[in-house]
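Residue numbers (this note's numbering): 619 to 1054.
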């Protein structure tokens, strides 16, 4: 019996991609080997034809891995980056790094070979679960970062005490536990609801409506709601702070709740020595005992580190208090800039992931509503993964601390003179605390 490859191969773009044939009953071992050889030849031709696409996707995967590894190394190496917020950023980078290292390469091969899967049904289920795990962890980390920025900018004085290292680690653990809960147990779910065996050389994602709705809600729509809500509140808080600065006063309460101050902030003046100064005028004290420690005249902290008082000098204790307060004032600017960065991160997140989760739900609600579903699914999936490669770029462009850390890592083999240029400068109490 002589059977050619054309007798068993159907159109590569049709839904009946691989023929269902009982090899044992129809053909002997030699004929099976011949057909498998023909299949491999066809796939090798596809790989050669789409070599450019394969190289591009693998380079994109490599760049995602490289960028997020830079973030992880930067936080690990530089002590000045050891903050609660940057722990969340590191967790985000780990998730994005794993997307680039584990998920993208297999998807690139799968797409280039016209949705052909060579790695078996078990690895198919594991790979799909890892995709859900890492992508969900990335999105939930973005959600936690938005909450962290919301707490920091709306309550900057008590935030350092509330957001401890233990609490940050607990939040990160919660992110990964939630992500794991909707990914790995899904393997058992998919196999339980699967009505037929997976076709050979295929790795489809489940189309079960219940799972699609549940996973989409936890992975995207709920985090999206939280991020939009928190960013709106951050934006409103930033507007209020900006208006307060324009007026020149800002009522604040110390972290201990003992002293309420009016911060008079001036960003210019006719005198050179007053440029960039921050005036702190106490308006009330909580206890009579503390009143003598507070000078009635304004305290002036200049950009050159020299504090000039209009009347008597204050004691060392009060100078330390004012320096601590001036550092907190400086955080207004830092948190405001962080809010802008968060806005960009959130905008990129919505642009990248919204199309995927819309298509994801439509594929379960209306099977025939999406034309060329395989192509559309591939496009929106890779668009979502672009988010993993964009996060390091955003932080590099908008964070001076990360830019310095990246430069130190990339210039590790450069001459000492070049490396010295990117050394972090430690601020002391005599250095500048300016509000920008």
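Ideal Cβ positions, reconstructed from N, Cα and C, are used throughout, including at glycine.
Keep in mind that this is a model prediction, so the values were computed, not measured.
Residue closest to residue i, alpha-carbon to alpha-carbon, out of the options
{"i": "residue 681", "options": "815, 725, 852 and 714", "result": "714"}
{"i": "residue 747", "options": "701, 995, 784 and 829", "result": "829"}
{"i": "residue 784", "options": "797, 701 and 1018", "result": "701"}
{"i": "residue 709", "options": "979, 792, 843 and 988", "result": "792"}
{"i": "residue 754", "options": "694, 994, 795 and 816", "result": "795"}
{"i": "residue 820", "options": "1016, 733, 962 and 776", "result": "733"}
{"i": "residue 1012", "options": "958, 823, 840 and 992", "result": "958"}
{"i": "residue 1016", "options": "1027, 962 and 986", "result": "962"}
{"i": "residue 855", "options": "838, 832, 768 and 813", "result": "768"}
{"i": "residue 720", "options": "706, 742, 984 and 705", "result": "742"}
{"i": "residue 808", "options": "818, 822, 999 and 985", "result": "822"}
{"i": "residue 728", "options": "814, 813 and 992", "result": "992"}
{"i": "residue 803", "options": "735, 832 and 781", "result": "832"}
{"i": "residue 1022", "options": "668, 699 and 1031", "result": "699"}
{"i": "residue 705", "options": "990, 667 and 781", "result": "781"}
Under 9 angstroms between C-beta atoms of residue i and residue j
{"i": "residue 760", "j": "residue 964", "result": "yes"}
{"i": "residue 762", "j": "residue 787", "result": "no"}
{"i": "residue 674", "j": "residue 722", "result": "no"}
{"i": "residue 800", "j": "residue 757", "result": "no"}
{"i": "residue 744", "j": "residue 690", "result": "no"}
{"i": "residue 967", "j": "residue 692", "result": "no"}
{"i": "residue 834", "j": "residue 1020", "result": "no"}
{"i": "residue 980", "j": "residue 988", "result": "yes"}
{"i": "residue 737", "j": "residue 752", "result": "no"}
{"i": "residue 726", "j": "residue 688", "result": "no"}
{"i": "residue 695", "j": "residue 1027", "result": "yes"}
{"i": "residue 1010", "j": "residue 685", "result": "yes"}
{"i": "residue 824", "j": "residue 811", "result": "yes"}
Any non-hydrogen atom of the ligand MN closer than 8 angstroms to residue i Cβ
{"i": "residue 989", "result": "What this structure holds is no ligand at all, so the ligand MN is not there to describe."}
Supposed contact pair residue j and residue i - C-beta distance, whole angstroms, cut 8 angstroms
{"i": "residue 960", "j": "residue 764", "result": "6 angstroms"}
{"i": "residue 1003", "j": "residue 712", "result": "Their Cβ separation, rounded to whole angstroms, is 15 angstroms, which puts residue 1003 and residue 712 out of contact at 8 angstroms."}
{"i": "residue 977", "j": "residue 995", "result": "6 angstroms"}
{"i": "residue 683", "j": "residue 730", "result": "Not really, about 19 angstroms apart at Cβ, beyond 8 angstroms."}
{"i": "residue 703", "j": "residue 766", "result": "5 angstroms"}
{"i": "residue 827", "j": "residue 982", "result": "4 angstroms"}
{"i": "residue 840", "j": "residue 739", "result": "The pair is not a contact, with the Cβ atoms about 31 angstroms apart (cut-off 8 angstroms)."}
Any chain D beta carbon closer than 9 angstroms to residue i
{"i": "residue 777", "result": "The structure shown contains no chain D; it is built from a single protein chain."}
Using 8 angstroms as the Cβ pair cut-off and three pairs as the minimum, do the segment 770 to 781 and the segment 844 to 857 touch? yes
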